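Down below is the structure, laid out as structure tokens.
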Amino acid sequence: MKPKTVTRIGLVLLALTVAAFIGSIWSPEEIKDQILSTSAITLLAGLLMLFVGSYTHNGRQS
Numbered sequence: 383m384k385p386k387t388v389t390r391i392g393l394v395l396l397a398l399t400v401a402a403f404i405g406s407i408w409s410p411e412e413i414k415d416q417i418l419s420t421s422a423i424t425l426l427a428g429l430l431m432l433f434v435g436s437y438t439h440n441g442r443q444s
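Each residue of the sequence shown is one higher than the one before, starting from 383 at the first, in the working numbering.
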């Protein structure tokens, strides 16, 4: 996969995380914990993909 594609996927994951956090404000208490735990995992995955995409895009990978 190209570094630019990895970076774009990371940005999409971060956008989904923000949308889930905003959506959890109005969600019932029963599912709020599930939304927040899933959002935390998505946030970590998005940040990792952004880091990997920018790291390889800048030519630092051997």
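Even for Gly, the Cβ is constructed at its ideal location relative to N, Cα and C. Computed from a prediction, not measured in an experiment: that's the story for all the values here.
Distance check between Leu418 and each of Phe403, Leu430, Trp408 places Phe403 closest, using alpha-carbon atoms only. When Val388, Ser409, Leu393, Lys386 are compared, the shortest CA-CA separation from Leu425 is found for Leu393. By a beta-carbon distance limit of 8 Å, Met431 contacts Leu395. Their separation comes to about 6 Å.
Going by C-alpha positions, Thr387 is about 11 Å away from Val434. Linking Pro410 to Lys384 through their CA atoms gives a straight-line distance of about 40 Å. In the three-state reduction of the DSSP assignment, Ser421 falls in the helix class, which pools H, G and I.
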